[in-house]
Amino acid sequence: MSLVARHLEANGIATVILGSARDIVEHCGVPRLVFTDFPLGNPCGKPYDVAMQRRIVALGLDLLESARAPRTTVQSPFVWSADQAWRDDFMRVETSDTPDGDA
Amino acid sequence: MSSGRSVDPTHRTFVSYIDKSRAFYLARGHNNPYRWAHFADVPFAPLRRPLSAAVVTMVTTAMPEPDTVADTHELHTVYSMPSDHPPTRLATHGLFWDRQATHTDDLDSYFPVHRLQECVTDGRVGRLAARLHGVPTEYSQRATIERDAPEVLRRCREDGADAALLVPL
Numbered sequence: 003m004s005l006v007a008r009h010l011e012a013n014g015i016a017t018v019i020l021g022s023a024r025d026i027v028e029h030c031g032v033p034r035l036v037f038t039d040f041p042l043g044n045p046c047g048k049p050y051d052v053a054m055q056r057r058i059v060a061l062g063l064d065l066l067e068s069a070r071a072p073r074t075t076v077q078s079p080f081v082w083s084a085d086q087a088w089r090d091d092f093m094r095v096e097t098s099d100t101p102d103g104d105a
Numbered sequence: 295m296s297s298g299r300s301v302d303p304t305h306r307t308f309v310s311y312i313d314k315s316r317a318f319y320l321a322r323g324h325n326n327p328y329r330w331a332h333f334a335d336v337p338f339a340p341l342r343r344p345l346s347a348a349v350v351t352m353v354t355t356a357m358p359e360p361d362t363v364a365d366t367h368e369l370h371t372v373y374s375m376p377s378d379h380p381p382t383r384l385a386t387h388g389l390f391w392d393r394q395a396t397h398t399d400d401l402d403s404y405f406p407v408h409r410l411q412e413c414v415t416d417g418r419v420g421r422l423a424a425r426l427h428g429v430p431t432e433y434s435q436r437a438t439i440e441r442d443a444p445e446v447l448r449r450c451r452e453d454g455a456d457a458a459l460l461v462p463l
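Taken in sequence, the protein lines are chains A and B.
Counting from 3, one number per residue, gives the positions in the first sequence under this note's numbering.
Counting from 295, one number per residue, gives the positions in the second sequence under this note's numbering.
Next up, the structure:
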């Protein structure tokens, strides 16, 4: 998706990415990113939380107008949960995963 | 109360998916890690008219539900949806997201078409482009750069889009 953003932008269409994989998007390099620090899947707000979704979309629209240079990232203020275990649990590598690990 | 592990303040808070995926596949014996796209230069296009007069579109990495397309070829190519009759659901299986922590049952959590329509009603956005778009997730960056991105641009131009919200899952 970052590659699409770059192509549209190079051809005069302003873009903003709403995303949760900050490192992947910033590693590529895009004009504008609204980063929401959530598990991958709901970059526009928690399911059925209309107020939060409105806020995140509004941040994106604001950034379309306010950014003055590429690589502008804004982080939305939302926290997924007090329990941060999802960060470690996603794609967790267990000892048993390794070719010579104990099954 | 949950186990309540807090963020380690001595490290960055956000997850590095590049590092995670490299470690994950390396542990499974794949010693040729994916090379994520990287560029030194980044293009920049200022918004060319006030947002309240602008035509805005949206692009997703989700796919049409297989039972909604006549030709399964459409599941692997750029596709478009009418913004005045958006889908009620999209397919997210096969995409890279966290099935353990969340779900994608609410379209607006990853394709906020109703939130955008509200912004038009409120006058924040001029109008939605006639079509919203989806792009396939390609392992081949060349396919995205040479085939899919130009196709999205072509459709955006046909619809007179000034700006695009891009939402990868």
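We put the CB at the ideal spot given by N, CA and C, even for glycine.
Just so it is clear, the structure is predicted and the values come from calculations on it, not from any experiment.
Self-check item: Inter-residue Cα distance where the pair is B:R383 and B:L389
Solution: 15 Å
Self-check item: Reference B:D456; option with closest CA among B:D365, B:T307, B:R425
Solution: B:R425
Exercise. Just the C-alpha distance for B:M352 and A:R73, rounded to the nearest angstrom, thanks.
Key: 20 Å
Self-check item: B:H427 in three-state terms, based on DSSP
Solution: strand
Quiz prompt | Chain-ordered residues of the region 22-36 of chain A with a beta carbon less than 8 Å from chain B | solution = A23, R24, D25, I26, V27, H29, C30, G31, V32, P33
Quiz item: Taking Cβ positions only, does A:P79 come closer than 8 Å to chain B?
Solution: no
Exercise. Look at A:E67 and B:L345 and say whether their C-beta atoms are less than 8 Å apart.
Key: yes
Quiz item: Taking 8 Å as the CB-CB cut-off, is B:Y433 touching chain A?
Solution: no
Quiz item: Between the region 330-342 of chain B and the region 23-41 of chain A, do at least 3 Cβ pairs fall closer than 8 Å?
Solution: yes
Self-check item: DSSP-derived helix/strand/coil call for B:M295
Solution: In this prediction, B:M295 has a pLDDT of 40, which is less than 50 and means its spatial position is unreliable; what the coordinates show is noted afterwards. Reduced to three states, the DSSP call for B:M295 is coil.
Practice problem: Locate the beta strand (DSSP E) running through A:I15, then write down its first and last residues. | Solution: Counting along the chain, A:I15 falls outside any beta strand (DSSP E), and DSSP gives it neither H nor E.
Quiz item: Can a CB atom of chain B be found closer than 8 Å to the CB of A:A53?
Solution: no
Practice problem: Could you please tell me which residues of the region 330-357 of chain B, in chain order, have their CB closer than 9 Å to any CB of chain A? | Solution: W330, A331, H332, F333, A334, D335, V336, P337, F338, A339, P340, L341, R342, P344, L345, A348, V350, T351, V353, T354, T355
Quiz prompt | Presumed contact (8 Å Cβ cut-off) between A:V18 and A:V6, rounded CB distance | solution = That belief does not hold up - the Cβ atoms of A:V18 and A:V6 are roughly 12 Å apart, past 8 Å.
Quiz item: Does DSSP classify B:F318 as helix, strand or coil?
Solution: helix
Quiz item: Going along the chain, which residues of its own chain have a beta-carbon closer than 7 Å to the beta-carbon of A:V95, five neighbours each way excluded?
Solution: none
Exercise. Ignore the nearest five residues each way along the sequence and tell me which others in B:T366's own chain have a CB closer than 8 Å to its CB.
Key: P360
Practice problem: Could you check which residue in A:F40, A:H9, A:I26, A:G14 has the C-alpha nearest to that of A:R89? | Solution: A:F40
Quiz prompt | Endpoints, the alpha helix (DSSP H) within which B:P444 is located | solution = 443-452
Quiz item: A:T17 CB to nearest chain B CB: under 8 Å?
Solution: yes
Quiz prompt | Check whether A:R34 and A:A69 have beta carbons under 8 Å apart | solution = yes
Quiz item: Under 8 Å between C-beta atoms, does A:V6 make it to chain B?
Solution: yes
Quiz prompt | CB contact check: B:P430 to chain A, cutoff 8 Å | solution = no
Quiz item: Three-state secondary structure (DSSP) at B:L345?
Solution: helix
Quiz item: Thinking C-alpha only, which one of A:S83, A:M3, A:G21 is nearest B:S403?
Solution: A:G21
Exercise. Find out if the Cβ-Cβ distance for the pair A:I58, B:Y311 is shorter than 8 Å.
Key: no
Practice problem: Could you name the residues of chain B that A:L20 contacts, counting a contact when the two beta carbons are closer than 7 Å? | Solution: L459, V461
Quiz item: If you measure from the beta carbon of A:L61 to each beta carbon in chain B, is any gap under 8 Å?
Solution: no
Self-check item: Nearest residue (CA-CA) to A:Q77, options A:S83, A:D85, A:L65
Solution: A:L65
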